[in-house]
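> Residue numbers (the UniProt record's numbering): 1 to 713.
Even for Gly, the Cβ is constructed at its ideal location relative to N, Cα and C.
Everything numeric in this text was worked out from a predicted model, so none of it was measured.
Just passing along the structure, written as structure tokens.
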């Protein structure tokens with residue numbers, strides 16, 4: 001008789017156990033409109049539809065006509081010296097970069113040998129192997145603490161002093177927070193009704209406004225989590241726990257009015273910022289993201305803001321359109337049965353590539369991708385359904401227009417699967433596509449004049465700046481799997497949850513000399529690539545500037561690098577088998593486990609702020625000014641934030657517009673019971689209605705009215 005564990009193991013490989021496995025979400029009419037938009041002849045003179053050559057016409061160049069230069073004189077300011085020195089200089093620099101690449105490979109090989117054969121030996125090696133055998137975070141943490149105990153890292157945690165944060169300030173702050181928290185609790189137990197009777201409440205709020213900020217006193221410095229395998233300094237952990245407890249106490253306190261609470265937590269939210277999960281591109285390497293997401297989900301630290309690029313956009317779309325319970329059933333090896341993007345035979349795709357310049361068929365990819373996006377779901381509908389904010393990076397086909405970060409604020413009615421296709425349209429792999437938007441009647445139409453878009457990782461693999469602009473994100477969790485930069489990721493002083501293997505975590509990987517050589521070679525290669533780009537010497541294969549795929553910022557506050565194997569490069573454009581996907585999910589989880597405690601501490605405070613905002617927000621969405629601001633109202637009419645004033649004036653009209661849109665959602669975006677997205681209760685963690693969220697997000701772009709009032713007083 002099979003055991004329960006054997007039955008559970010069989011379920012994770014059974015595709016019939018996946019939610020909506022056999023359901024085809026996409027409407028054939030939507031695909032037809034997408035095909036019509038791709039073939040629209042009106043846009044051919046404006047936008048190229050092929051990165052290599054035209055599809056529908058054959059262009060013959062006259063023999064007598066002089067060949068036009070690829071770069072105009074007004075673009076490069078060509079002259080005699082430029083013409084004479086361009087190619088010799090380019091060959092010299094590329095040759096030097098090639099030499100540096102060989103030297104870098106040898107250096108990394110030396111460091112690898114140094115760590116494997118000198119550092120990891122004896123009991124240390126056996127304890128390390130126990131860490132990699134664990135399949136859940138609780139067992140992993142137990143094994144990591146055992147290794148920390150053996151290496152003496154537990155003693156390091158007990159010592160407050162450390163060069164990378166202000167331990168004196170943190171120590172004093174913990175004492176003050178404990179004192180005022182106990183005074184507030186005493187006042188609540190003895191029936192004090194307001195802040196006049198209990199001044200301790202105001203003092204506690206004042207201290208919280210001073211310390212609840214991004215990386216206050218260095219407590220969010222990744223170095224604090226890079227000296228041990230589990231956790232951080234005991235003082236830092238005590239500070240995080242104390243701040244979280246004080247925030248919950250203020251949130252539940254009846255001695256403060258809701259209006260004062262709301263403005264207090266709004267200030268904290270603006271100062272502390274938000275956390276986002278960023279999933280990079282990387283072809284089939286992107287399936288490692290499933291394991292990273294699974295680890296964060298199982299430990300309740302999956303951020304609400306998620307961004308994805310190229311292959312990461314497909315994973316982000318799946319996460320943003322499913323609830324937590326659905327994701328736990330979907331993120332299993334059986335999901336490989338739904339990944340069918342590369343199902344065509346070699347003769348089929350090679351003939352298409354030869355004829356059109358693209359390996360994959362755009363319509364077939366749209367059909368396959370729609371299942372992951374729950375049909376023609378828009379960004380706003382996904383937010384209304386799950387409370388998660390999906391962001392997808394897209395690059396316009398023409399080299400002059402800026403990139404866009406599609407989300408429910410910038411393009412609320414844009415269809416997600418069209419943005420995912422655009423973000424995955426790598427030149428030579430898939431031709432640029434048209435983004436689609438959903439109209440009031442539920443039908444699809446071209447977005448942005450029918451312009452074509454392509455792979456977002458060509459310019460912005462990790463859109464940190466745009467996330468900060470739109471959602472005040474200042475803490476990023478980056479899951480990075482791009483194969484072309486995997487070799488160059490090297491943390492000489494260790495990373496979060498992965499300390500240096502010798503000198504009790506206080507040394508340099510490979511010794512100081514090895515780390516110094518690695519750093520010099522990598523910076524020198526980066527320097528010469530930038531020289532080539534700024535001097536405009538690099539060729540442009542397929543009309544694309546490829547320099548940004550090397551010169552972007554590919555890391556975040558926390559960077560997760562799943563460990564790959566050489567066979568991944570062989571299957572880089574192939575669908576995974578359930579066994580391969582099971583290994584990728586496991587490795588993704590293993591790479592995320594060391595970062596869990598750091599992320600938990602960050603979200604512990606952030607979630608407490610969100611809870612305070614939710615509990616104190618007025619039900620009608622109207623926020624009353626605090627007493628200090630009301631007093632100023634007697635002397636001035638310039639009280640309202642400019643954006644808030646415009647939103648208040650247009651509130652009835654905007655509300656009606658969104659209400660109409662919500663009633664026109666088609667059947668493809670409803671669940672199997674026939675309940676539309678607008679009828680579903682919002683996920684816990686979402687802040688009120690869609691309009692309230694727009695007002696809240698827009699407030700971060702203006703100076704705070706309350707702080708102005710304080711200065712005036």
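1. Look at the alpha carbon of residue 347 and the alpha carbon of residue 29, and state the distance between them as a whole number of angstroms.
2. Using a Cβ-Cβ distance cut-off of 8 Å, determine whether residue 253 contacts chain B.
3. Residue 479 lies in the alpha helix (DSSP H); which residues open and close that run?
4. Within this structure, are the beta carbons of residue 605 and residue 212 separated by less than 8 Å?
5. Let's see if you can read the secondary structure: which residues bound the alpha helix (DSSP H) around residue 206?
6. Quick check: the segment 204–218 against the segment 564–579, are there 3 or more CB pairs under 8 Å?
7. Three-state secondary structure (DSSP) at residue 48?
8. Pairs of beta-carbons, one from the segment 482–495 and one from the segment 426–435, closer than 8 Å: are there three or more?
9. Residues in the same chain with beta-carbon distance under 6 Å from residue 183, minus the five sequence neighbours each way, listed in chain order, please.
10. Kindly give me the distance between the Cβ atoms of residue 483 and residue 569, rounded to whole angstroms, as I take these residues to be in contact under 8 Å.
11. If I'm right that residue 270 touches residue 472 with Cβ under 8 Å, what's the distance once you round it to whole angstroms?
12. Any idea what DSSP makes of residue 19, helix, strand or coil?
13. Can you check the segment 324–405 for any beta strand (DSSP E) of at least 3 residues that lies completely inside it and give the ranges in chain order?
14. In this structure, what does DSSP give as the bridge partners for residue 453?
15. On a Cα-Cα basis, can you pick out the residue from 427, 14 and 283 that is closest to residue 353?
16. For residue 495, list the residues DSSP reports as bridge partners.
17. What does a CB cutoff of less than 7 Å around residue 407 pick up in its chain, not counting 5 residues either side in sequence?
18. Check for me: the beta strand (DSSP E) holding residue 276 runs from which residue to which?
19. Applying the criterion that 16 or more other CB atoms from any shown protein chain within 10 Å of the CB defines a buried residue, is residue 16 buried or exposed?
20. Between the segment 114–124 and the segment 547–566, do at least 3 Cβ pairs fall closer than 8 Å?
21. Applying the 10 Å Cβ sphere with the 16-neighbour rule, what's the burial state of residue 150?
22. Taking its Cβ as the centre, do 16 or more other Cβ atoms sit within 10 Å of residue 105, making it buried, or is it exposed?
23. Who pairs with residue 438 in a beta bridge, going by DSSP?
24. In angstroms with no decimal places, state the Cα-to-Cα distance between residue 670 and residue 279.
25. Would DSSP call residue 107 helix, strand or coil?
26. Does the distance from the CB of residue 239 to the CB of residue 174 come in under 8 Å?
27. Just the Cα atoms here: how many angstroms apart are residue 385 and residue 444?
28. Nearest to residue 349 by CA position, among 430, 588, 522 and 467, is which residue?
29. Where does residue 55 sit, in a helix, a strand or coil, going by DSSP?
30. Is DSSP giving residue 309 helix, strand or coil here?
31. Is the beta carbon of residue 592 sitting closer than 8 Å to the one on residue 295?
32. Just the C-alpha distance for residue 338 and residue 21, rounded to the nearest angstrom, thanks.
33. Measuring CB atoms only, is the segment 238–252 touching the segment 156–176, in the sense that at least three cross pairs come out at less than 8 Å?
34. When the distance is taken between beta carbons, is residue 607 closer than 8 Å to residue 732?
35. On a CA-only basis, which of 609, 468, 589 and 401 is nearest residue 299? Give me that one, please.
Taking the definition as stated:
1. Taking the chain shown and counting its residues from 1, one reaches residue 347 at position 347. Taking the chain shown and counting its residues from 1, one reaches residue 29 at position 29. If I take the Cα positions, the gap works out to 30 Å.
2. This model lacks chain B altogether, as it is built from one protein chain only.
3. The residue given as residue 479 occupies position 479 in the chain shown. That residue, residue 479, is in no alpha helix (DSSP H); its beta strand (DSSP E) goes 473–479.
4. Residue 605 sits at position 605 when you count from the first residue of the chain shown. Residue 212 sits at position 212 when you count from the first residue of the chain shown. Result yes, Cβ atoms of residue 605 and residue 212 sit closer than 8 Å.
5. On the chain shown, residue 206 is found 206 positions in, with the first residue counted as 1. Residues 200–211.
6. no
7. Counting from 1 along the chain shown, the entry for residue 48 is found at position 48. Below a pLDDT of 50, predicted positions are generally treated as unreliable, and residue 48, at 42, falls in that range; the measurement from the model is reported next regardless. Correct three-state label for residue 48: coil.
8. no
9. In the chain shown, counting from the first residue as 1, residue 183 sits at position 183. Cβ neighbours of residue 183 beyond the five flanking positions: 200.
10. The residue you call residue 483 lines up with position 483 of the chain shown. The residue you call residue 569 lines up with position 569 of the chain shown. About 7 Å separates the two Cβ atoms, so the contact holds.
11. In the chain shown, counting from the first residue as 1, residue 270 sits at position 270. In the chain shown, counting from the first residue as 1, residue 472 sits at position 472. Yes, residue 270 and residue 472 are in contact; Cβ-Cβ is about 7 Å, under 8 Å.
12. The sequence position of residue 19 within the chain shown is 19, counting from 1. In the structure shown, residue 19 sits in coil (DSSP, three-state: anything other than H, G, I, E or B).
13. 389–396
14. To locate residue 453, count along the chain shown from 1; it is residue 453. According to DSSP, residue 453 bridges with 396 and 433.
15. Reading the chain shown from its first residue, position 353 is the one you call residue 353. The option with the nearest alpha carbon to residue 353 is 427.
16. As a working mapping, residue 495 is identified with position 495 in the chain shown. Beta-bridge pairing links residue 495 to 498.
17. The residue given as residue 407 occupies position 407 in the chain shown. Only 379, 389, 390, 391 and 470 meet the Cβ criterion.
18. In the chain shown, residue 276 corresponds to position 276, counting from 1. Where residue 276 is concerned, the enclosing beta strand (DSSP E) stretches over 274–279.
19. Here residue 16 corresponds to residue number 16 of the chain shown, with the count starting at 1. By the neighbour-count rule (16 or more Cβ atoms within 10 Å), residue 16 is not buried but exposed.
20. no
21. Counting from 1 along the chain shown, the entry for residue 150 is found at position 150. If you draw a 10 Å sphere on the C-beta of residue 150, you find fewer than 16 other C-beta atoms in it, and that means exposed.
22. For this step, residue 105 is matched to residue 105 along the chain shown. Looking at its Cβ environment, which holds fewer than 16 other Cβ atoms inside 10 Å, residue 105 is exposed.
23. Against the chain shown, residue 438 aligns to sequence position 438. According to DSSP, residue 438 bridges with 444.
24. By 1-based counting over the chain shown, the position of residue 670 is 670. By 1-based counting over the chain shown, the position of residue 279 is 279. Because residue 670 carries a pLDDT of 38, less than 50, the predicted location of this residue cannot be relied on, and no value is offered for it.
25. The sequence position of residue 107 within the chain shown is 107, counting from 1. In the structure shown, residue 107 sits in a helix (DSSP, three-state: H, G or I).
26. Within the chain shown, residue 239 is the residue found at index 239, counting from 1. Within the chain shown, residue 174 is the residue found at index 174, counting from 1. Contact flag set, yes.
27. Mapped onto the chain shown, residue 385 falls at position 385. Mapped onto the chain shown, residue 444 falls at position 444. Straight-line Cα distance between these residues: approximately 20 Å.
28. Here residue 349 is taken as the residue at index 349 of the chain shown, counted from 1. The shortest Cα separation from residue 349 among 430, 588, 522 and 467 belongs to 430.
29. Numbered from 1 along the chain shown, position 55 holds the residue referred to as residue 55. Here residue 55 scores only 42 on pLDDT, less than 50, and its place in the model is too uncertain to base an answer on.
30. Locating residue 309 in the chain shown gives position 309, where the first residue counts as 1. Coil.
31. Counting from one through the chain shown, the residue named residue 592 turns up at place 592. Counting from one through the chain shown, the residue named residue 295 turns up at place 295. Yes; because the gap between Cβ atoms is below 8 Å, this pair is in contact.
32. Counting from 1 along the chain shown, the entry for residue 338 is found at position 338. Counting from 1 along the chain shown, the entry for residue 21 is found at position 21. C-alpha separation (whole angstroms): 8 Å.
33. yes
34. Examination of residue 732 is not possible in this model, given that the chain is present from 1 through 713 alone.
35. Taking the chain shown and counting its residues from 1, the one referred to as residue 299 is at position 299. The candidate whose alpha carbon is nearest that of residue 299 is 589.
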